[in-house]
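In order, the protein sequences belong to chains Z, U and F. Just so we're aligned, residue -18 is where the first sequence starts under this note's numbering, counting upward by one. Just so we're aligned, residue 284 is where the second sequence starts under this note's numbering, counting upward by one. Just so we're aligned, residue 3 is where the third sequence starts under this note's numbering, counting upward by one.
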Amino acid sequence: MDAFLTSRNVSDVLGGLASGVIYALVALSLVLIWRSTRMLNFAQGAMAVFATYIGFAILAPSTNYWVSMAVAIVAGLVLGGATERVLVRRLYGKPEINPIVAMVGLLLVLESVAAAIWSTSSRPLATPFSIVDWQLNHKPMALSPFAVYEIVTSLVVMAIVAALFQYTKLGLQLRAAALAPEVSRLLGVRVSRMLTIGWMLSTAVGAVTAVLVASNFFTGLTPSGMDGVFAFGFIAAAIGGLDSPVGAMVSGLALGVVFQFVGDYVNSNAIILVALGMLIVSLMVRPSGVFTRSAQRRV
Amino acid sequence: MIVVDDLSVSYGAVRALQSVSFEAPSGEITAVLGANGAGKTTLLRTISGLVAPLSGTVRKDDEVLTGRKTEDIVRLGVAHVPEGRGVIAEFTVEENLRLGFMIAQGSLPDALAEQYEMFPVLGERRRQAAATLSGGERQMLAMARALIARPSVLLLDEPSLGLAPLVTAQLMQQIRDLCAKESLTVVLVEQNASSALRIAQRAVVLRVGVVVANDSAVAVRDDENLRQYYLGMVE
Amino acid sequence: MERIVGSRLSVGLSVTAVVAVIVVVLSSSTRLAVALALGVAVLGVGATFVSLTAVRRDHPVATRALISVIVIDLAIFLTFRVSATSNSNVAIGAAMAIVLLGLSFLTGSSGQISLGNGAFMGVGAFTVGIWAEHHPTTPLVAVLVLATLAGALVGLVLGIPATRLRGPYLAGMTLAFAVAFGAILNMFSSWTGGDSGLQLPTAVVAPHWLASFFGPTASSLTTSSAWLADISIVVTGVALFLMANLFASRIGRAMRLVRDNDVAAELVGVSLPRARVIAFTVSAAYAALGGALWTLINNSVSPSTYSFVLSITILSLVVIGGIGTIPGAIMGGIIYAFSTGAISWLTAHLGLNPQGNVASQLDGIIFGGLLVITILFAPLGIAGLVRHGWRWWRRARPTGIVQ
Ligand SMILES: Nc1ncnc2c1ncn2[C@@H]1O[C@H](COP(=O)(O)OP(=O)(O)OP(=O)(O)O)[C@@H](O)[C@H]1O
Ligand SMILES: [Mg+2]
């Protein structure tokens, strides 16, 4: 049993899950917006990083980690809502490249402003969890308290989002507004408010993700620190299907594990190439995603 | 009661309604008839605020609806079952109904029970995705979803579309009973003029956006000219 | 009609002759005078012919060639007059204009967008660097063609999925490529030189005959920066000419049909997948050509240049200049050439510390901000505004000719 838990393959799976949950969260926040507005939020990573800076760089460095995280989440809610109200709202009904361009512009502005205020050098966050692996009979187990914290937090966030959508009145309205905006209005759903709330939620999920990413001692917080994570999250969402929250999350987890094996057995530079290859193949084979039911579309 | 006063609507250069005026009294069914493109759907969409009129007003009792948002008009008790029913296919039957109940007061379980009693087939399929319902069942779901919030005005856009004659007759009967029981104001848009006129008390006939008749249903039914030229009821 | 043509020809040619004479009289050396007069003559004759409606209507290809020659001519005049720093900015900007032409073609013809053209530039840039290590004596033109083909090949591979993808998916895929590019270079670090990149074994310098032609008096004309700027400009002119023909060709028109209406295009018999792959491949090839020039201009290639930010900058320039149009792409290149100077001017006037955080991020803030503002308020960019203004001006002043 001990030998099993410290074996190379098991530790790859565990390590893969720890990064997979991050991709799953990014994918989830992309899906939240895609479903309601048919936009891919290219600024998602930059918005998340910006919210994290607000939580961890504006407050005094001695501020409690959890307080900073809460501030970052609130900042995410505000930033997401403001972006929808000020920018995104003007892009509904425009050609599909307009929102892409606008969100890329926002990405550049947010990353540059963050770098101008807080510099491009990495800022370590005072994580309350050690990244040193646990030992089992004096052998490392590929699982650290930090990795467990990362996995648990992500699963909690996903569970909260799922429960919100599945079991609350607000969730029902959010889903309805995304699926059938006009019918929803006829039933009294304030659709434009739902769109704002969708962006708020998505950016708050993004803020938690960025906090987790930056909490890793090795990466720390940098203005462009989410670019790569965003790319993996997008790949996960595209493979799983931008319309399917469950598919996006499952494929995020799966990608994390696959990448860990590639990194371990091949080399770490090959990961992104494999990711790109998987994206291309999956888009060729199933352009709308592995988990999207192709039948049963709106009538 | 719904009062439409001198209503004009246009889509860009296309004039869809021209000075339309009529009243739809409470407790009665007002049929709105006319050929394809006459402006019937536009009329209902304007009443529920989805389309802004060029000029004119819509009132419900003493409240002016014109200029309000759809979401607020619905909260004033105006339920609109759109053309094509607007059932959310990805939702279960019960989720559709819960969405309809969202603006209402009171107990959801009671309200659901009441609708399931009125439309037993919906109760049997409550956990099923609406996409799997038949056309007639979807129409019932759309009606139940509109009624569950206890509206005082019911706007129906071609409820008989795609239904078998027998189902249509049942549906019309159900609408009539509801109207009488709840003292609803029903505005019923129909292509199928004969079945609508059978249950309606009043009738408004539109021709390319203009009212050509506004009278009791009986009078419209018996008017040979109207029947022949506008309603296509050649028997 | 005949008379109008005749009079315009004679006016144009005489003005050209007069200006050429003035230039000759004012020049310091005979040989410089010859060069300048030649330039004026090309410009004047070219402009005169292009201004004739009959020429534009009956000889479109020749017209495009003349316009390209005029652009080259004007730009080379510029390199005579400016400092070495400005010349390298011109060279860099001209190469950027090529990249922008490619992206503009992709968007203008197929309505798609790529966020990975910075990485495609990198493909061309590293092709030159790697090739030069092993075959330092290869002629310039051959190196450029090779780099372009390398870009086209990578573009083709990534372009195949583009056949089935629409907007956001394609943009996301190209973004992933742009983000991945650094890791890809690292994977082949024995070739690409890892983090430090590659140095060209021999710098590109002005050929001997040029220096000896002008003599010592005009040495500033034969500096390597002026020479590099001239090369860059000529290549840009050729790329411009080819692109103008491509835009107007059957393929180009068919692609615009694709952009505006997929279904109509299918009915007309345009193969959608092929049209999309062609557009994507051409845009990658143009990007690679621009990147190849950058390696020649800088005499080296470094992986940090071809980061994701470059891809976004390319997008900004295209959008600000005017997406989907040739003048917009040229405008974007000009903006890029002057942006370094403009931003350091701004840094000085705002009293910012040039080494500080804010100064180093100013370009990102400005480009990003302009990108958002442009897409919201003038989605067709400067080219669109100019066209709008021109139409308005034409309408405000009736010409008096009844058609
Ligand atoms: N969104 C729109 N934009 C432009 N024109 C429209 C729009 N909606 C409707 N129209 C036009 O307005 C006119 C009235 O349309 P409307 O849908 O109200 O007719 P209708 O009486 O409901 O017809 P049907 O019986 O076929 O449903 C038609 O000529 C139609 O083409
Ligand atoms: Mg209709």
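Just so it is clear, CB atoms sit at the ideal spot from N, CA and C, and this is done for glycine as well. Since this is a predicted model, take the numbers as computed values, not measurements.
Please state whether the Cβ-Cβ distance between Z/Val192 and Z/Ala53 is less than 8 Å.
yes
Counting C-beta neighbours from all protein chains within 10 Å, is the total for F/Gln405 16 or more, i.e. buried, or is it exposed?
Model confidence at F/Gln405 stands at a pLDDT of 36, short of 50, so the residue's coordinates are unreliable; what they give is reported in the following sentence. Exposed, because fewer than 16 other Cβ atoms sit within 10 Å of the Cβ of F/Gln405.
Tell me the residue span of the beta strand (DSSP E) that contains U/Glu311.
Neither: U/Glu311 is in no beta strand (DSSP E) and is coded neither H nor E.
Do you know offhand how far Z/Phe198's Cα is from Z/Ala251's?
23 Å
Might you give, ordered along the chain, the residues of its own chain that have their beta carbon closer than 8 Å to the beta carbon of U/Gly310, omitting 5 neighbours on each side?
Cys462, Ala463, Ser466, Leu467, Thr468
Nearest candidate by alpha-carbon position, reference U/Lys343, set U/Ile312, U/Pro308, U/Gly317, U/Ala427
Nearest of U/Ile312, U/Pro308, U/Gly317, U/Ala427 to U/Lys343, Cα basis: U/Pro308.
Using a cut-off of 7 Å between C-beta atoms, extract the partners of U/Thr325 located in chain Z.
In chain order: nothing, as chain Z lies at least about 14 Å away.
Would you verify that the beta carbon of Z/Leu202 is, or is not, closer than 8 Å to some beta carbon of chain F?
no
Name the chain U residues whose beta carbon is nearer than 9 Å to that of Z/Gly179?
Residues of chain U passing the Cβ test: none, with the nearest at roughly 16 Å.
Kindly identify the DSSP beta-bridge partner or partners of F/Ala121.
Paired residues: none, contrary to the question.
State the beta-bridge partners of U/Phe305 as determined by DSSP.
According to DSSP, U/Phe305 bridges with U/Val287.
Can you tell me whether DSSP reads Z/Glu77 as helix, strand or coil?
Per DSSP, reduced to three states, the secondary structure at Z/Glu77 is coil, with no helix or strand assignment.
Since F/Pro436 meets chain Z, which of its residues come closer than 7 Å, beta carbon to beta carbon?
A question about residue 436 of chain F goes unanswered here, because the residues of chain F that appear run from 3 up to 405.
Span of the alpha helix (DSSP H), counted from its first residue to its last, around Z/Thr177
Per DSSP, the continuous alpha helix (DSSP H) segment holding Z/Thr177 begins and ends at 172 to 196.
Would a C-beta distance cut-off of 8 Å place U/Ala483 and U/Ile312 closer than the cut-off?
Taking the C-beta atoms as reference points, U/Ile312 is found nearer than 8 Å to U/Ala483.
Please confirm whether F/Ala39 and F/Ala149 have their CB atoms less than 8 Å apart.
no
Note down, in chain order, each residue of its chain lying with its Cβ closer than 6 Å to the Cβ of Z/Gln241, except the 5 sequence neighbours on either side.
Non-local C-beta neighbours of Z/Gln241 in its own chain, meaning closer than 6 Å and more than five positions away in sequence, comprise Asp(-7), Gly(-4), Gly(-3), ordered along the chain.
Quick one: Cα of Z/Trp15 to Cα of F/Phe243, how far?
40 Å
Can a CB atom of chain Z be found closer than 8 Å to the CB of F/Tyr308?
no
Where does Z/Asn79 land, buried or exposed, given buried means 16+ other C-beta within 10 angstroms?
It counts as buried.
Taking the beta strand (DSSP E) that U/Gly332 belongs to, which residues open and close that run?
Element bounds for U/Gly332: n/a, residue is neither H nor E.
Compute the Euclidean distance between the alpha carbons of Z/Leu234 and Z/Val(-9), then round it to the nearest angstrom.
15 Å
Where Z/Pro226 meets chain B, residues with beta-carbon distance less than 9 Å
The chain labelled as chain B is not found among the protein chains of the depicted structure, namely Z, U and F.
Below 8 Å between beta carbons is the criterion; list the residues of the stretch 61 to 73 of chain F that meet it against any residue of chain Z, in chain order.
none
Against U/Glu373, what residues of chain Z qualify as contacts under a CB-to-CB distance less than 7 Å, listed in chain order?
Leu160
Residue-level contact to chain Z via CB, U/Val303, 8 Å cutoff:
no
Identify, in the order they occur along the chain, each residue of the same chain with its Cβ nearer than 8 Å to the Cβ of Z/Phe(-15), setting aside the five sequence neighbours on each side.
Val(-9)
Partners in chain Z for F/Ile384, counting only beta-carbon separations shorter than 8 Å:
What F/Ile384 touches in chain Z: nothing, since even the nearest Cβ is about 15 Å away.
Could you name the residues of the same chain whose beta carbon sits closer than 7 Å to that of U/Ala432, not counting the 5 residues immediately before and after it, in chain order?
Around U/Ala432: Ala362, Gly383, Phe384, Ile386, Ala387.
Near Z/Ala161, which residues of its chain fall below 6 Å by C-beta distance, leaving aside the five closest residues on each side in sequence?
none
Cutoff 8 Å: F/Ile115 Cβ touching any chain Z Cβ:
yes
Mind pulling the alpha helix (DSSP H) runs of 4 or more residues that sit fully within the stretch 283 to 328 of chain F?
Within the stretch 283 to 328 of chain F, the complete alpha helix (DSSP H) segments of 4 residues or longer fall at 310 to 323, listed in chain order.
Which runs of the beta strand (DSSP E), 3 residues or longer, sit entirely within the stretch 346 to 379 of chain U?
Correct list: 361 to 364.
According to DSSP, simplified to helix, strand and coil, what is U/Ala496?
Per DSSP, reduced to three states, the secondary structure at U/Ala496 is strand.
What does DSSP give as the partner residues of U/Glu473 in its beta bridges?
DSSP, once it has assigned bridges, lists U/Leu316 as partnering U/Glu473.
Anything in chain F within Cβ reach of Z/Asp245, meaning under 7 Å, just list it in chain order.
Neighbours of Z/Asp245 on chain F: none; closest Cβ ~16 Å, over 7 Å.
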